[in-house]
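Read through the structure below, which is laid out as structure tokens, and then see the notes.
Residue numbers (my numbering), protein chains in the order written: chain A, -8 to 782; chain B, 20 to 358.
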């Protein structure tokens, strides 16, 4: 809300300039900014009008002589409110006004004008204004205009959600008072006995207090300038004197008020009740609202006349014909106001304050203040008053133990200082040994327990005063445990560093997806968002693939020839949230390299390359790559494999099914996703002991075998691996050539060339031993798989 | 004898003056099957036993010397040739000729989390983890945010269909989970993803990251909180920045504070980024509210604690002067490769 600096001064005498005040209030928790008027004037000064004469050649223009105390200027002016002795703003030659208008020396109808006397709209202070801006008689002349207008600064404040009491000039004045140890003075309010009224009926859970006043014989008209000004500075439009007064008192004291035209109410009784489910109301903003039982309304015996605490009804408002008014000052149920305001998307200065909670005491005060002003300005007399209370209010008492203060804050606050701070916050204290019984003022309903009082002490004392220098430096215990050093699982850290070295980029995607985006990949969701703002937030991702695929296409679309990404995050499946890691790759393996191009090599990501990456990043041999028996639908059925850990399939990789990708991208897309919840990633690195190794040389033998084309090489490997167990002299094998030559083996056969590595750890091998071993292996392969030695 | 010696000195002279082609013929001339020295040795039978010994000894000696001289010369010649070759070999040093290994990159958000965690580790914090799908209890109730509380509205929450679960709106449920699991002393940070049901724009994102901090023990004070956070900020930003603690309100802390740091860009003078205030909002913190301690059955008379929450995206944006939060989730390589 906006706060007027000068208005605050009426409540309390303080010495801060607006900028200082802003930083003091900010340091107390109310974020405050001095609003610049967003006008950059240069060369606009205050001048005194010495003489005004009619322009000889133009009826509507005047020739004015003005002085800034040093020089006199001749000015042609078109405003008819100009007269001598006025202090006015003069834009001198060279001045630039808002909107970029430059003031030059000019001749107007044959007469020289050395500048321009400005109106408020020309100065950018208002959108529309009549005539020139006439400043106070006592304004100094020859002073830059911004220095004059700054003395009436407007501050913008952001109040903490639990501090509804600060949403008024009185509230802010109290804050200043607590800081500078002064009690703010309230405006003079006359209260007197009036006949009591008995026309309001209130449902107790909706409203804590309802004060109604009947004022009759008012004359509705425009407000006096000081009220209009005050409202305008706070961004509120003037309506008429009575309505303006209610708004004025609201920003002055913080209590939202409402006035009804009694004639329009057409009823003896006023009800505060829940709306019926089919009820509607046309509010002051000309819009119709459908109400329900969660809404509090003020009603006559037929229908709602106001959405309580939020906005009045259009047909019951005070207008120029109104004579008798009903003034309402109430404390409505904050929760219900908040709910309704949210449901109807309707907020007002009034609802904003009700939601944040009102102090008990202010309603009566505000009611009298408004009644005083109404009778003073609009005439009329206060006929009667009703003060309906649905609870018995008592100021809360909280026990404060002085030793708790240092226990919480970590620094000592002297007892005297504590008592003083609380006193100027309006707290009443009764001292008892090392304790104080604190009676909390009605406007501070945010203070509920002891620690709230301790916060107040810290806040008023200043958080910055709780100084770090008071206490001896703690020993910084540097405890970096070797495990769990990262918020990422250890295996993910491992993946990240390896993939980084392989040129991969890490990405992060939203956890949300659109349902439509799943279809393409045949994925199913299991977590749907009940209240998404947009389609993009419909569900939680069941896989990292859709977003990674989108990332890939984005980068391909602007011409990226090589996209390799990895992502770690949670996916959400029927088993709950699961830590998942994925990589996607597509395009050239490396950038173009002249040396490879010389030899015609342009390597691209394909299944085998991708599988190599997967094999490389897997941390140990306990992670095995095997045939994918249950592939995800998004893989090419023939180009996929699975990663197994302790007999459990924990991940799959492969080329995405070209049916999915063909419309988007020409190249193969490789994808790998691994579920980290399926194994304990902390102990993935089993520590094994060092093994001695023999320094005897390896014996290498190359053999070529011929197998059926449809035989998975895995089967051959299985045989070899079994053969290699039990200290066999065959230690290692590698594949160095794959060869199909139809005319030689027929089209259903394929030849693999293997290099076998033999070693005996104890002694040098003989040719005979090696040959024997090789023969045994070949025999096994032949017997079990029909694999033959290539002739 | 003299003859032998003469042959020897002649040969050595020849070797010295030879080049790679000549050397081979010299070797052949003296040491070959029909070489001079071989001949001499073969002709020993013509001499007396005494002479035979003498001449044989001398000839063999010379043979060895010559052989080693030749070897030396060979090595010398080889080295000269290699030196000549090396002198000719001059490659392009432009990096454009290098093999184009591409550099990987880490996501700036993950990197910032890692950096922050390290800074907290140095201050003695350990790490904890919590689920992203939470219950009302952990996300609100236990944190002193009752039903109908306006604070609940402020954090527009995503709810999940068919369950009472929600997506955590902050990492603060981590506080509760840690306190439920163990007894004080507690000193942990809980990093993670959080969700708010907000329309995305340059400074808002429905998905973002936070780091929660919590210390609970017998003598934990507001002053301790100030010290820890001051140290953290100084460690993390590597300089002596001005820091300001400002009263604020959070349901789960009392007293509560917001921490501002001196604007990194204008050094506090006021600029666009800090909206001319000279300060940048950095994090929220406070002393754990007694109701929160009560919700995990801690005795709030015995134990006190502080908690804080830091927005990772915000810090990262400050660190790299990134002006649009959506860049983090777009995953354009032109952005990612800069980190």
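Ideal placement from N, C-alpha and C gives every residue a C-beta, glycine not left out.
Predicted model, so just to flag it, every value in this text is computed and none were measured.
Of the residues A:93, A:573, A:452, the one whose Cα lies closest to the Cα of residue 409 of chain A is A:452.
In the three-state scheme derived from DSSP, where H, G and I count as helix and E and B as strand, residue 616 of chain A is classed as strand. Distance between residue 538 of chain A and residue 570 of chain A, taken at the CA atoms: about 16 Å. Burial of residue 160 of chain A is indicated by the presence of at least 16 other C-beta atoms within 10 angstroms of its C-beta. With a beta-carbon spacing of about 6 Å, residue 535 of chain A and residue 562 of chain A fall inside the 8 Å limit used to define contacts. Between residue 203 of chain A and residue 346 of chain A, the C-beta spacing is not below 7 Å.
Rounded to whole angstroms, the gap between the alpha carbons of residue 357 of chain A and residue 244 of chain A is 7 Å. By the neighbour-count definition (other C-beta atoms within 10 Å, threshold 16), residue 51 of chain A is an exposed residue. A direct Cα-Cα distance of roughly 10 Å separates residue 772 of chain A from residue 706 of chain A.
The beta carbon of residue 290 of chain B sits closer than 6 Å to those of 284, all from its chain and outside the five residues before and after it, given in chain order. Where residue 537 of chain A is concerned, the enclosing alpha helix (DSSP H) starts and stops at 536 to 548.
Close partners of residue 276 of chain B in chain A (Cβ separation under 7 Å): 454. Spanning the alpha carbons of residue 249 of chain B and residue 243 of chain B requires a straight line of approximately 10 Å. The beta carbon of residue 151 of chain A sits closer than 7 Å to some beta carbon of chain B. In terms of beta-carbon proximity, residue 123 of chain B lines the interface with chain A, with at least one pair separated by less than 7 Å. Closer than 7 Å to the CB of residue 225 of chain B there is at least one CB belonging to chain A. In this structure, the straight-line span from the alpha carbon of residue 226 of chain B to that of residue 607 of chain A is close to 32 Å. At a C-beta separation below 9 Å, residue 522 of chain A has these neighbours in chain B: 175, 176, 177, 178, 216. Listed in chain order, the alpha helix (DSSP H) runs fully inside the stretch 223 to 257 of chain A are 232 to 244, 253 to 256, counting runs of at least 4 residues.
Residue 20 of chain A sits buried, since 16 or more C-beta atoms from the chains shown fall within 10 Å of its C-beta. Shown here for residue 625 of chain A: same chain residues with a beta carbon closer than 7 Å to its own, the five before and five after excluded, namely 512, 513, 536, 647, 648, 651 in chain order. Selection A:363, A:397, A:656, A:76 evaluated against residue 209 of chain A yields A:363 as nearest (Cα-Cα). For residue 39 of chain A, the enclosing beta strand (DSSP E) stretches over residues 33 to 45. Proximity of the stretch 279 to 298 of chain A to the stretch 214 to 227 of chain A falls short of the contact definition, fewer than three beta-carbon pairs being nearer than 8 Å.
Per the coordinates, the alpha-carbon of residue 129 of chain A lies some 19 Å from the alpha-carbon of residue 62 of chain A. Residue-level contact by beta carbon fails for residue 44 of chain B and chain A, as no gap is shorter than 7 Å.
The beta carbon of residue 331 of chain B lies closer than 8 Å to those of 128, 131, 132, 135, 210, 227, 228, 229, 230 in the same chain, with the five residues before and after it left out. When the five nearest sequence neighbours on each side are left out, the beta carbons in the same chain lying within less than 6 Å of the beta carbon of residue 635 of chain A are those of 615, 617, in order along the chain. As DSSP reads the structure, residue 112 of chain B sits in no beta bridge. DSSP lists no beta-bridge partner residue for residue 513 of chain A.
Residue 502 of chain A is a Cβ neighbour of residue 532 of chain A, given a cutoff of 7 Å. Taking all protein chains in view, the Cβ of residue 189 of chain A is surrounded by fewer than 16 other Cβ atoms within 10 Å, so the residue is classified as exposed. Approximately 6 Å separates the beta-carbon atoms of residue 391 of chain A and residue 441 of chain A; this is inside 8 Å, confirming the contact. With respect to the 7 Å criterion, residue 151 of chain B and residue 212 of chain B are classified as neighbours on the basis of their beta carbons. Fully enclosed alpha helix (DSSP H) runs of no fewer than 4 residues occupy 241 to 256 of the stretch 235 to 304 of chain B, in order along the chain. Using a Cβ distance threshold of 7 Å, residue 132 of chain A and residue 60 of chain A count as a contacting pair.
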